[in-house]
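Numbering (the numbering used here), first residue to last: 1002 to 1144. Glycine residues also receive a C-beta, built at the ideal position from the N, C-alpha and C atoms.
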């Protein structure tokens, strides 16, 4: 019996994210998996355990997106060695702020026994903030 390769686990996870396949997203994570995101954003920090990754990290990220507009992602590079997988992807959406979000992301995944046990994601946190969180200052009157 052959086990699924770590690269295939991560590829399946991204395919499920793009398709909105919530069950496969959940099934991709180990129960004690963790996710780390840099910065001082609502999604920043370490999210410990599958429930926190799904109901905390991912739910918080998606809560900042306009669900009536296109939300997309496309893997542009994926390679791995052993249980480590490195992924680059493009993501795009419109924030609830009404501003466009277009991001180049990268992440390092660890996969054990067919499930993601950790993810460290790297992206332009200033762009995330500006597109999805920040209030636009009111125009100042001329004069």
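Between 1006, 1136 and 1097, which lies nearest to residue 1065 when the distance is taken from Cα to Cα? That would be 1097, whose Cα lies nearest to the Cα of residue 1065.
Within its chain, find whatever has a CB closer than 8 Å to the CB of residue 1051; leave out the 5 residues flanking it on each side and keep chain order. 1027, 1030, 1031, 1032, 1033 and 1034, listed in sequence order.
Please list the terminal residues of the continuous alpha helix (DSSP H) segment that includes residue 1012. Start and end: 1007-1020.
Near residue 1067, what residues of its chain come up, given a Cβ to Cβ distance below 6 Å and the 5 sequence neighbours on each side ignored? Once the five neighbours on either side are set aside, the close Cβ partners of residue 1067 are 1095 and 1097.
Output the distance between the C-alpha atoms of residue 1011 and residue 1136, rounded to the nearest integer angstrom. Between residue 1011 and residue 1136, the C-alpha separation is close to 35 Å.
Going by beta-carbon coordinates alone, are residue 1109 and residue 1043 separated by less than 8 Å? The beta carbons of residue 1109 and residue 1043 sit no closer together than 8 Å.
To the nearest whole angstrom, what separates the beta carbons of residue 1017 and residue 1025, a pair I think is in contact under 8 Å? Rounded, the Cβ-Cβ distance is 4 Å, consistent with contact.
So what does residue 1109 bridge to, in DSSP terms? In the DSSP assignment, residue 1109 is bridged to 1087 and 1121.
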